[in-house]
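Participant: Below is one structure. I have some questions about it.
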Amino acid sequence: MQNRVTVTVGGLKYTLLATEGEDYVHRVADYVNVKMRETSGQGSISQMDCAILTAINIADERFKEQEASENLRRQIKELLEESAKLKLELSEAKREIFKLQQKR
Numbered sequence: 083m084q085n086r087v088t089v090t091v092g093g094l095k096y097t098l099l100a101t102e103g104e105d106y107v108h109r110v111a112d113y114v115n116v117k118m119r120e121t122s123g124q125g126s127i128s129q130m131d132c133a134i135l136t137a138i139n140i141a142d143e144r145f146k147e148q149e150a151s152e153n154l155r156r157q158i159k160e161l162l163e164e165s166a167k168l169k170l171e172l173s174e175a176k177r178e179i180f181k182l183q184q185k186r
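Here my numbering is used: the first residue of the sequence shown is 83, the next is one more, and so on.
Structure follows, in structure tokens:
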């Protein structure tokens with residue numbers, strides 16, 4: 083189900099259709115407003131330039147976070163593989179200990 087949510091971004095009102103809840107949509111709009119204020123604080127620029135620069139900055143954040151997420155996934159995969167290898171070695175060591183104890 084889609085929700086109609088009215089938000090204010092950059093001083094203008096927009097009615098959005100979203101499958102997410104109203105609180106989420108407002109958090110997103112608030113985030114964009116914060117980013118726009120950061121961008122506009124760098125000097126006197128037009129609303130359009132501010133919106134474009136803000137979009138570029140948010141896209142940059144997204145790509146960097148996506149790359150960091152991929153790196154974490156890769157590290158987790160490597161750690162899981164190492165863990166499986168260590169479990170196998172431990173199991174083999176336990177078998178060897180058991181065999182040695184049986185020889186006594």
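Where is the CB? At the ideal position from N, CA and C, for every residue including glycine.
(1) One question on the structure: do LYS95 and THR88 come within less than 7 Å of each other, judged by their Cβ atoms?
(2) State buried or exposed for THR136, treating a residue as buried only when at least 16 other CB atoms are found within 10 Å of its CB.
(3) May I ask you to report which of helix, strand or coil DSSP gives ARG30?
(4) Secondary structure at THR90, three-state DSSP: helix, strand or coil?
(5) Using the rule of at least 16 other Cβ atoms within 10 Å of the residue's Cβ for burial, across every protein chain shown, is THR90 buried or exposed?
(6) Use the C-beta contact count for MET118: other C-beta atoms within 10 angstroms, 16 or more gives buried, fewer gives exposed.
(7) Use the C-beta contact count for VAL116: other C-beta atoms within 10 angstroms, 16 or more gives buried, fewer gives exposed.
Facilitator: In this structure, then:
(1) yes
(2) buried
(3) This structure leaves residue 30 out entirely; the chain is present only between 83 and 186.
(4) strand
(5) exposed
(6) buried
(7) exposed
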